[in-house]
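*Asks:* Below are the structure tokens for one structure; questions will follow.
Chains as they are written, first to last, in this note's numbering: chain Y, 1 to 425; chain H, 1001 to 1420.
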């Protein structure tokens, strides 16, 4: 490719207005951001299959078209410039683009959004990697100490916690969270767990359960645990980007995030937060760096990763920030309400996240009490009603997670389908 | 870039990609003569910047245009079909890909699992190797990859073993490299495991893996092989190497999108590598539990067949021949220059495409970094300075399929001019 043309085309990539421009082109400026008309313009920016209604955004987030195009541009740029973009080129040519400089800018964006310092954040390839490193790296455990988690934790994080029995000679205890969930009982269960296990040093909590969609009072639980001398690792895989909360105000120490779920970045990007003054409590990965170092980058060793995906985080942030998390929060609650409202007074159905506004966002599971085969129910929804959901067999539930591309009509179809299935039973 | 422009430019790429087929069949005949014209056709399959001559393919492999196209189609496809695809069909696609890779390597399908790069594969092997007892020794060398050296050193703490680092001789020869490992084994009778690097990322040196692995095995010592740079760069019979634990990259010399590697464990040795987080029972010999990636880039995985197609269409023998000839083209141009040291020997068993050099006496990283910058600034040639070689830092030169003989000539001329 001709150099000048290439640089022209890649210059556009760096432009933060890429996403904003396409929005203005859709004439959104005048629209109320909580209106269906506005959301129609957002839905138009997603290319989804019309073979089925996708209500499994919980697996990972579909990229909007502008983000995907940005990802393609970054992929082509990095493919053409290759390792010259990885910093070495910069030494010779100060004007050359540098991955590390651009990554630092993106970390600043993320730090600003979270209200933390950028040296408290590091990229991973997903939340699983983030939490693997936090759980296995937490080095304050002595043999015989107790670690707690609940049955609402993600399965591979449960396994990571259980492995501490071998790795740190810890006593591992799983708590059962009450159902139905209330704001108070979600705090009480962990407090009781700590009281029942006086040797407790570490607690894993899940901000939003991937099984039910229940959001727990992370701030209160962490404060309570801290008052008992217990550290808390937070799995925020599903929360950030899905609902509006003040991260800095939560006052957390160790957190794993996904950026490819509710932020909408390409697959393969997650994030770790470690509060600066707690850095030494997480082991460096395979003794990276000199002893006693507090560089968060030494807590991760990904090897060469998909740099274009990291670069696209900026575009994904621009896309969701242009909408605004307040409006995304309201939209997801509205989409959830659209189908949940049909079953609030229906004894045949359990809705697994409470109506308490603090405890749900878009993702919510349900159970048809009389239906005992969730996998079959998931298949029926897909085959007969063309709705893709996620069966959660161990709690006999179906998880429903709309995305920014979902319409209220999609949710209404789900409501009708559930009723129809029950009527045929 | 606006959408229309983007689609235009990707349409242009698609045209090139479609042109690929007839050109390749035409090329089929030409390539038998190892004609420069054939490689011109191949070079046209790459969209690289002409800002600079890129002789730094060692970091990762640039995707050819057909592979980039396939990747973008796969990103579209996975994005659109989302978990519906992954939960229903991805497993079949994954298995078919593993089957194809197993066939290429001559191994069983249940001996392979995909990772996100060679680093992840080797982290799993080095950390997970559970035959070590406190007081045992393990050996690695100065030409191994930096973060793998760090993984090995970590075993001192994690497994309470003695970690021995050896420095490989320079100039290297087939015999003295084998002798260096033999000496290390003699000096460390408690050695239980060696890390070997098939092609050194620091100098390009090809290690006589087969001979060293056989020697180690005779003494009851296991070998973990870092094959990050070898597979796809030159032609070798994997099975004949006789190694049980291997980490590969697919995004370097196979040319798949960034973020895909491969882990091989011989079936009857799987229990010797811990499953991640102790998953499964004591008899769990499922190789896939030796890695836990969480959600990975499914589109990159789906693009593996396109990358294999592209490479197989050219043929590994031709690729090897081409990379060697590009290496020889610049090395021959400086071999008589007394001020230049070439860090791989002129023994064809010991190099492929990658080869490092240094200017005699210039052994510090800073001097080499300055030389790298000079090559970039004054000659428009991109290479990389390499630190931490025992005998001194150097400059690594890694040509690829998008390079021409003129690129190699320009490097040789630049080195000769700088030293004159």
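Glycine is no exception: its CB is placed at the ideal position from the N, C-alpha and C atoms. Quantities reported herein were computed from a predicted structural model and do not represent experimental measurements.
1) Would you tell me roughly how many angstroms separate the C-alpha atoms of residue 1118(H) and residue 313(Y), rounded to the nearest one?
2) Rounding to the nearest angstrom, what Cα-Cα distance links residue 135(Y) and residue 205(Y) in this structure?
3) Using CA atoms only, rank isn't needed, just tell me which of 316(Y), 55(Y), 83(Y), 47(Y) is closest to residue 1055(H).
4) CB-CB under 7 angstroms to residue 140(Y), same chain, minus the five flanking residues each way: which ones, in chain order?
5) Per DSSP, which one or two residues make a beta bridge with residue 168(Y)?
6) Could you give the DSSP three-state label for residue 1064(H): helix, strand or coil?
7) With distances taken Cα to Cα, identify the nearest neighbour of residue 306(Y) among 1153(H), 1417(H), 1340(H), 1251(H).
8) Starting from residue 47(Y), find everything on chain H with Cβ-Cβ shorter than 9 angstroms and list it in chain order.
9) Quick check on the burial criterion: 16 or more other C-beta atoms within 10 angstroms. Buried or exposed for residue 264(Y)?
10) I'd like to know if the segment 1104-1113 of chain H and the segment 1228-1247 of chain H are in contact, where contact means that at least 3 CB-CB pairs between them fall below 8 angstroms.
11) List the residues of chain H that residue 288(Y) touches, going by C-beta distances under 7 angstroms, in chain order.
12) At 3 residues or longer, and completely inside the segment 146-233 of chain Y: list those beta strand (DSSP E) runs for me, N to C.
13) Going by Cα to Cα distance, which pick from 322(Y), 377(Y), 358(Y) is closest to residue 207(Y)?
14) Return helix, strand or coil for residue 1193(H), following the three-state DSSP convention.
15) Count Cβ pairs between the segment 1386-1399 of chain H and the segment 1033-1052 of chain H that sit closer than 8 angstroms; are there 3 or more?
16) Considering Cα atoms alone, identify which of 1202(H), 1269(H), 1254(H) is closest to residue 1224(H).
17) Check the Cβ-Cβ distances between residue 395(Y) and every residue of chain H, and say whether any is below 7 angstroms.
18) With a threshold of 7 angstroms between beta-carbons, can residue 1062(H) be considered close to chain Y, or not?
19) Report the option in 1272(H), 1399(H), 1316(H) whose CA atom is closest to the CA atom of residue 1331(H).
20) Using the Cα positions of residue 287(Y) and residue 296(Y), report the straight-line distance between them to the nearest angstrom.
21) Between which two residues does the beta strand (DSSP E) containing residue 83(Y) stretch?
22) Measuring only between beta-carbons, confirm whether residue 1195(H) sits less than 7 angstroms from chain Y.
23) In the DSSP assignment, what residue or residues form a beta bridge with residue 1226(H)?
24) Beta-carbon within less than 7 angstroms of residue 1109(H)'s beta-carbon, same chain only, minus the 5 sequence neighbours each way: which residues are those?
25) Sort 405(Y), 301(Y), 384(Y), 351(Y) by Cα distance to residue 124(Y) and report the nearest one.
26) Please list the terminal residues of the continuous alpha helix (DSSP H) segment that includes residue 338(Y).
27) If you draw a straight line from the C-alpha of residue 61(Y) to the C-alpha of residue 401(Y), how long is it?
28) What do you reckon, are the CB atoms on residue 1121(H) and residue 1271(H) nearer than 7 angstroms?
29) Quick one, which residues of the segment 1197-1226 of chain H are near chain B if we go by CB-CB under 8 angstroms, in chain order?
30) State the start and end residues of the unbroken beta strand (DSSP E) segment that holds residue 1165(H).
31) If we count Cβ pairs, one from each stretch, closer than 8 angstroms, do we get three or more for the segment 1270-1285 of chain H versus the segment 1139-1151 of chain H?
32) Using 8 angstroms as the threshold, is the segment 326-345 of chain Y in touch with the segment 173-181 of chain Y, meaning 3 or more CB pairs across them?
33) If residue 367(Y) sits next to residue 397(Y), beta carbons under 8 angstroms apart, how far is it from one beta carbon to the other, in whole angstroms?
34) Please say whether residue 1115(H) and residue 1291(H) have beta carbons closer to each other than 7 angstroms?
35) Going by the beta-carbon positions, is the gap between residue 164(Y) and residue 189(Y) smaller than 7 angstroms?
36) Run down chain H in chain order and give the residues with a C-beta less than 8 angstroms from the C-beta of residue 82(Y).
*Replies:* Well, looking at it:
1) Whole-angstrom Cα-Cα distance: 25 angstroms.
2) Cα-Cα distance, rounded: 12 angstroms.
3) Measuring from the Cα of residue 1055(H), the nearest candidate turns out to be 83(Y).
4) Excluding sequence neighbours, residue 140(Y) sits near 201, 231, 281.
5) Partner(s): none; residue 168(Y) has no beta bridge.
6) If DSSP states are grouped into helix, strand and coil, residue 1064(H) belongs with coil.
7) When only C-alpha atoms are compared, the closest one is 1251(H).
8) Simply 1076, 1079, 1080.
9) Counting Cβ neighbours within 10 Å, residue 264(Y) comes out buried, since at least 16 surround it.
10) The way I'd put it, the segment 1104-1113 of chain H does touch the segment 1228-1247 of chain H; three or more beta-carbon pairs between them come closer than 8 angstroms.
11) Chain H residues near residue 288(Y): 1150.
12) Counting only runs of 3 or more, we get 146-150, 171-175, 200-206.
13) Comparing C-alpha distances from residue 207(Y) to each of 322(Y), 377(Y), 358(Y) shows the shortest one belongs to 358(Y).
14) Three-state DSSP puts residue 1193(H) in a strand.
15) These segments do not touch.
16) Distances from the alpha-carbon of residue 1224(H) to those of 1202(H), 1269(H), 1254(H) put 1269(H) closest.
17) Contact with chain H is absent for residue 395(Y), since none of that chain's Cβ atoms lies less than 7 angstroms from the residue's Cβ.
18) The C-beta of residue 1062(H) comes closer than 7 angstroms to at least one C-beta of chain Y.
19) Cα-wise, what sits closest to residue 1331(H) is 1399(H).
20) Each residue's Cα considered, the two are about 13 angstroms apart.
21) That residue, residue 83(Y), is in no beta strand (DSSP E); it is neither H nor E in DSSP.
22) For residue 1195(H), the answer is no, since every Cβ of chain Y falls outside 7 angstroms of its Cβ.
23) BP columns for residue 1226(H) point to 1197(H), 1247(H).
24) So the list reads 1098, 1099, 1102, once near-sequence residues are dropped.
25) Minimum Cα distance to residue 124(Y) is reached at 301(Y).
26) Per DSSP, residue 338(Y) is one residue of the alpha helix (DSSP H) stretching across 325-340.
27) Per the coordinates, the alpha-carbon of residue 61(Y) lies some 10 angstroms from the alpha-carbon of residue 401(Y).
28) In this structure, residue 1271(H) does not lie closer than 7 angstroms to residue 1121(H) by Cβ.
29) The structure shown has no chain B; the protein chains it does contain are Y and H.
30) Judged by DSSP secondary structure, residue 1165(H) falls within the beta strand (DSSP E) whose first and last residues are 1162-1166.
31) With a cut-off of 8 angstroms on Cβ pairs, the segment 1270-1285 of chain H is not in contact with the segment 1139-1151 of chain H, counting fewer than three such pairs.
32) Fewer than three beta-carbon pairs drawn from the segment 326-345 of chain Y and the segment 173-181 of chain Y are found closer than 8 angstroms, and the two stretches are therefore not classed as touching.
33) A Cβ-Cβ separation of about 5 angstroms places residue 367(Y) in contact with residue 397(Y) under the 8 angstroms criterion.
34) Going by beta carbons, residue 1291(H) and residue 1115(H) fall inside the 7 angstroms limit.
35) Contact: no.
36) In chain order: 1048, 1054, 1056, 1057, 1059, 1060, 1062.
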